[in-house]
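Trainee: Residue numbers (my numbering): 0 to 342.
The structure that follows is given in the form of structure tokens.
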Ligand code: ADP
Ligand code: MG
């Protein structure tokens with residue numbers, strides 16, 4: 000299939016249909032308006048009707064022109080949307096909706112994941128949204144996506160989160176250089192969870208981390224051994240390199256006795272998302288993505304620090320200083336294009 004320049008991500012759903020996400024342009028205003036009305040009409044109404052029902056073609060065009068619209072399609076059929084617009088120096092999400100017949104398939108999660116990565120890759124540092132107080136399930140859903148209550152506005156809670164540090168890595172050497180630089184901010188006790196498809200570059204990045212820590216190599220894919228310990232050559236921490244691809248659960252991960260080395264080593268778990276989080280109270284999540292064009296070897300690396308041990312600023316400084324690695328220009332604090340960009 001062909002991909003246009005506005006297409007951001009594609010995935011196969013369990014039933015074989017294709018989920019795609021792309022940026023909206025002005026020609027999509029009608030589709031976006033229909034999605035808003037259909038998605039929001041289906042919501043439980045408490046108090047006033049949802050504001051999205053008050054949108055018309057002109058207001059949707061203005062939203063697209065002054066912000067960023069993201070549309071999800073299933074086999075080409077419009078299925079969901081998110082609008083983002085700058086407000087008070089940070090991006091605010093609004094109009095997040097999926098059509099009722101496409102719900103319960105993880106489409107909203109996928110869409111929001113793509114939106115957060117796109118905003119991070121565009122140089123945004125923070126994102127927030129308004130969630131109505133009366134819907135605790137919706138607040139919990141956003142919490143699952145890394146948002147936390149930050150403030151209140153009328154009958155809404157302001158849910159906010161930092162965006163991952165994003166860098167563009169053109170080739171394998173730059174990926175190793177990135178790992179080497181990241182090693183400079185790592186210390187004993189750190190847990191890193193690396194995600195990304197097969198061949199994304201998780202092991203290549205780990206090789207750089209190993210080199211930067213000065214551990215005994217070589218760092219290779221641990222696929223057949225589950226876990227390999229690379230002792231330090233100097234006084235630094237060891238590197239414990241784990242492949243959780245075949246592990247189905249935290250219990251199985253516990254069987255390989257990582258706890259023992261956790262405090263004295265840097266522990267990096269490939270394929271650890273959803274399995275290894277319980278190992279430590281905080282972690283650095285590293286997600287590596289290829290673009291939608293299979294010919295393009297560029298990777299996007301997203302660094303998400305979780306817990307008080309990490310400083311987003313220190314990570315950004317380290318990652319963005321690597322030769323060959325491109326960082327998006329920071330947009331934080333830029334003044335809004337218009338005073339009325341509120342979704
Ligand atoms: P994973 O551990 O995620 O399965 P690997 O690191 O083992 O992936 O493999 C990545 C492969 O892609 C290597 O052969 C590497 O040389 C190649 N490659 C090409 N471009 C890049 C890039 N920009 N970043 C990382 N690896 C790249
Ligand atoms: Mg690997």
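Idealized CB from N, CA, C, for every residue including glycine.
Only a predicted model underlies this, so the values are computations on that prediction, with no experimental measurement involved.
1. Can residue 269 be considered in contact with ligand 1, in the sense that its beta carbon sits closer than 8 Å to one or more heavy atoms?
2. Cβ of residue 220 versus every heavy atom of ligand 2: is any distance shorter than 8 Å?
3. When we look at the beta-carbon of residue 317 and count the other beta-carbons within 10 Å, is it buried (16 or more) or exposed?
4. Does at least one heavy atom of ligand 1 sit under 8 Å from the Cβ of residue 169?
5. By Cβ distance below 6 Å, which residues in the same chain neighbour residue 58 in space, the five residues on each side in sequence not counted?
6. Let me check one thing: in DSSP terms, what residues is residue 226 bridge-paired to?
7. Report all residues from its chain with a CB closer than 8 Å to the CB of residue 226; omit the five preceding and five following residues, and keep chain order.
8. Using beta-carbon positions only, say whether residue 204 and residue 231 come within less than 9 Å of one another.
9. Note the first and the last residue of the continuous alpha helix (DSSP H) segment covering residue 279.
10. Please classify residue 206 as buried or exposed, where buried requires at least 16 other C-beta atoms within 10 Å of its C-beta.
11. Would residue 23 and residue 70 be called neighbours here (beta carbons separated by less than 9 Å)?
12. The beta strand (DSSP E) that contains residue 156, what's its start and end?
13. Excluding the 5 residues preceding and the 5 following residue 196 in the sequence, name in chain order all residues of the same chain whose CB lies nearer than 6 Å to its CB.
14. To the nearest angstrom, how far is the alpha carbon of residue 251 from that of residue 103?
15. Counting along the chain, where does the alpha helix (DSSP H) carrying residue 202 start and finish?
16. Measure from the alpha carbon of residue 82 to the alpha carbon of each residue in 202, 19 and 65, then state which is nearest.
17. Report whether the distance from the Cβ of residue 266 to the nearest heavy atom of ligand 2 is below 8 Å.
18. Rounded to the nearest angstrom, what separates residue 116 and residue 128 at their Cα positions?
19. Does the beta carbon of residue 137 fall short of 8 Å from some heavy atom of ligand 1?
20. Does at least one heavy atom of ligand 1 sit under 8 Å from the Cβ of residue 204?
21. Report the option in 157, 266, 297 and 121 whose CA atom is closest to the CA atom of residue 327.
22. Residue 319 by DSSP, collapsed to three states: which one?
23. Roughly how many angstroms lie between the CA atoms of residue 21 and residue 73, to the nearest whole one?
24. DSSP beta-bridge partners for residue 86?
Mentor: Taking the geometry as given:
1. Residue 269 has its Cβ nearer than 8 Å to a heavy atom of ligand 1.
2. Yes, the Cβ of residue 220 comes within 8 Å of a heavy atom of ligand 2.
3. A buried status is given to residue 317, since no fewer than 16 other beta-carbon atoms sit within 10 Å of its beta-carbon.
4. For ligand 1, at least one heavy atom lies less than 8 Å from the Cβ of residue 169.
5. Taken in chain order, the list of residues that qualify is empty.
6. Residue 226 is bridged to 241.
7. Non-local beta-carbon contacts of residue 226 in its own chain, meaning distances under 8 Å to residues more than five positions away in sequence, involve 239, 240, 241, 242, 255 and 257 in chain order.
8. In terms of Cβ geometry, residue 204 and residue 231 do not form a close pair [threshold 9 Å].
9. Where residue 279 is concerned, there is no enclosing alpha helix (DSSP H), given that its DSSP letter is neither H nor E.
10. Classification for residue 206: buried.
11. Yes.
12. Segment 155 to 161, the beta strand (DSSP E) holding residue 156.
13. So no residue of the chain qualifies.
14. Rounded to the nearest angstrom, the two C-alpha atoms are 29 Å apart.
15. From DSSP, the alpha helix (DSSP H) with residue 202 extends over 201 to 212.
16. Selected option, being the one with the closest Cα: 65.
17. No; taking the cut-off as 8 Å, the Cβ of residue 266 has no heavy atom of ligand 2 nearer than that.
18. Approximately 16 Å, taken between the alpha carbons.
19. It does not: the Cβ of residue 137 is nowhere closer than 8 Å to a heavy atom of ligand 1.
20. Indeed, a heavy atom of ligand 1 lies less than 8 Å from the Cβ.
21. With distances taken between Cα atoms, residue 327 lies closest to 121.
22. Residue 319 carries a helical assignment under DSSP once its states are collapsed to helix, strand and coil.
23. Roughly 12 Å separates the two Cα atoms.
24. DSSP, once it has assigned bridges, lists 89 as partnering residue 86.
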